[in-house]
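Q:
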Amino acid sequence: MRNFDLSPLYRATVGFDQLAEMMDRVFEKDVSRETYPPYNIEKTGDDAWRITVAVAGFTDEELNVEVKENALLITARKAPDGKERSYLHRGIATRAFERRFALAEHVRVTGAVHENGLLHIDLVREVPEALKPRRIEIASANDIEAKAIEA
1 MRNFDLSPLY RATVGFDQLA EMMDRVFEKD VSRETYPPYN IEKTGDDAWR ITVAVAGFTD
61 EELNVEVKEN ALLITARKAP DGKERSYLHR GIATRAFERR FALAEHVRVT GAVHENGLLH
121 IDLVREVPEA LKPRRIEIAS ANDIEAKAIE A
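1 is the number of the first residue of the sequence shown in full-length UniProt numbering; add one for each residue after it.
1) So within the UniProt domain "SHSP" (30-141), which uninterrupted beta strand (DSSP E) runs reach at least 3 residues, ignoring any that extend past its ends?
2) Would you decide whether A76 is buried or exposed? Buried here means 16 or more other CB atoms lie within 10 Å of its CB.
3) Express the C-alpha separation of D46 and M1 in angstroms, rounding to a whole number.
4) Could you give the C-beta distance for V124 and A48, rounded to a whole number, given that I count them as a contact under 8 Å?
5) Since L63 and H114 are thought to touch, with beta carbons under 8 Å apart, how far apart are those beta carbons, to the nearest angstrom?
6) By Cβ distance below 6 Å, which residues in the same chain neighbour G111 in space, the five residues on each side in sequence not counted?
7) If you drop the 5 nearest sequence neighbours on each side, which residues of the same chain put their C-beta closer than 7 Å to that of A79?
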């Protein structure tokens, strides 16, 4: 149960729908359910990040990484090996999971590597040239008059 009512935010703003929806998602999630598998988010540059997920016991074929509608989705399904096993202690969890990360605009996945039981996913923000700030040259009035006379 959440303690905040965000409906006034919807009524008083235009164009901030994604922000309000993100806040709704954050408040309605069951935090106790989101502990497996453990992960790190590391900043590797000004506009670059790396998500590392602990996926011990899974092979490359059992892992799936996809980007869909500004969300990074990591899933894993353990394939049955057909062997009957009798564990004395089972501390390595190899249960199926689905982990979702919301991606900001212009953030794209550049690669994924599975090594030593860790899945590394590299992200980078690439802002299009049209959205980058640009400097506008300011001309003096004398320059404009001189160009008009030459023409």
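From the three backbone atoms N, C-alpha and C, an ideal C-beta is built for every residue, glycine too.
A: On the basis of the data shown:
1) 39-45, 48-54, 63-67, 71-76, 97-102, 107-115 and 118-125
2) buried
3) Note that M1 has pLDDT 49, beneath the 50 cutoff, so the model's placement of it is unreliable and the number below is only indicative. Their backbone Cα atoms lie some 36 Å apart in a straight line.
4) 5 Å
5) 6 Å
6) D122
7) E62
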